[in-house]
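Asks: Pasting a structure here, questions to come.
Numbering (the working numbering), first residue to last: 752 to 939.
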């Protein structure tokens with residue numbers, strides 16, 4: 752069986768490689784999935800992505816399958832219970848921001864018809880394809896991620912700095928930062 756070329760960042764861990772091979776960089780237009788990635792990327796700030804991936808199912812259970820309608824209605828009791836949940840990242844500010852971000856997410860849906868319409872509008876609803884030779888050459892942020900971050904913050908979002916937003920853009924396929932020799936580069 753022929754071994755496929757893959758981005759160097761995922762090599763050596765089955766979970767990382769599966770995420771890379773199936774999800775990372777595939778254009779996501781579904782609001783529920785976009786919200787999931789937004790939550791996961793905000794929790795990832797300051798940590799490695801593999802840490803978040805390993806806890807992803809725990810996050811899914813803890814946050815009601817990333818149901819932003821439910822999350823927007825979380826009360827203090829739920830926030831405190833999440834702080835006790837050893838299966839997730841127990842950062843009080845990130846947990847609270849998830850609740851307030853759910854409310855802001857819904858406000859954007861109401862204004863634009865969907866969060867997808869809003870976020871993909873920044874790239875004219877088409878992925879930006881970059882020419883990354885080695886994953887370490889991919890940027891951590893760009894003027895566009897700066898612009899999106901600033902707009903999200905203006906709309907009440909928290910933990911959405913430019914680096915978090917660029918990682919979100921990569922994960923959801925708004926930008927294709929697969930290495931050009933990676934088998935996924937032309938697929939996405």
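C-beta: ideal position from N, C-alpha, C; glycine also.
So the candidates are 899, 865, 894 and 850; which of them puts its Cα closest to the Cα of residue 828?
Replies: Residue 828 has its Cα closest to that of 850, out of 899, 865, 894 and 850.
Asks: Could you give the distance in angstroms between the alpha-carbon of residue 956 and the alpha-carbon of residue 754?
Replies: Absent from the model: residue 956. The displayed extent of the chain is 752 to 939, so no value can be given.
Asks: Here's the rule: buried if 16 or more other CB atoms are within 10 angstroms of the residue's CB, otherwise exposed. What is residue 852?
Replies: Answer is buried; the Cβ neighbour count reaches 16.
Asks: Within a Cβ cutoff of 7 Å, which residues of the same chain sit near residue 817, ignoring the five residues on either side of it in sequence?
Replies: So the qualifying residues of the chain are 783, 786, 787, 790 and 811.
Asks: Here's a check: name, in chain order, each residue in its chain whose Cβ is nearer than 6 Å to the Cβ of residue 872, leaving out the five neighbours to either side.
Replies: So no residue of the chain qualifies.
Asks: Which residues does DSSP list as the beta-bridge partners of residue 927?
Replies: Partner(s): 880.
Asks: Which first and last residues belong to the alpha helix (DSSP H) in which residue 915 is found?
Replies: Residue 915 -> alpha helix (DSSP H) spans 913–922.
Asks: Grouping DSSP H, G and I as helix and E and B as strand, with all else coil, what is residue 790?
Replies: In the structure shown, residue 790 sits in a helix (DSSP, three-state: H, G or I).
Asks: Look up residue 774 in the DSSP assignment and say whether it is helix, strand or coil.
Replies: Note: residue 774 maps to coil in three-state DSSP.
Asks: Using the rule of at least 16 other Cβ atoms within 10 Å of the residue's Cβ for burial, across every protein chain shown, is residue 884 buried or exposed?
Replies: Looking at its Cβ environment, which holds fewer than 16 other Cβ atoms inside 10 Å, residue 884 is exposed.
Asks: Where does residue 905 land, buried or exposed, given buried means 16+ other C-beta within 10 angstroms?
Replies: Exposed, because fewer than 16 other Cβ atoms sit within 10 Å of the Cβ of residue 905.
Asks: Could you check how far apart the C-beta atoms of residue 834 and residue 874 are, in whole angstroms? I think they sit under 8 Å.
Replies: Contact doesn't hold; Cβ gap of about 36 Å is too wide.
Asks: Is the segment 763–774 close to the segment 789–808, with three or more CB pairs under 8 Å?
Replies: Contact holds: three or more Cβ-Cβ distances are below 8 Å.
Asks: Closest to residue 908 by CA distance: which of 779, 856 and 930 is it?
Replies: Taking only the C-alpha atoms, the option nearest residue 908 is 856.
Asks: In the segment 804–857, which residue ranges form an unbroken beta strand (DSSP E) of at least 3 residues, counting only runs that do not cross its ends?
Replies: Segments of the beta strand (DSSP E) lying fully in the segment 804–857: there are none.
Asks: Less than 8 Å between the beta carbons of residue 930 and residue 761, yes or no?
Replies: No. Outside cutoff.
Asks: Give me, in chain order, the residues of the same chain whose beta-carbon lies closer than 7 Å to that of residue 838; leave out the 5 immediate sequence neighbours on both sides.
Replies: Here the set comprises 806, 809 and 813.
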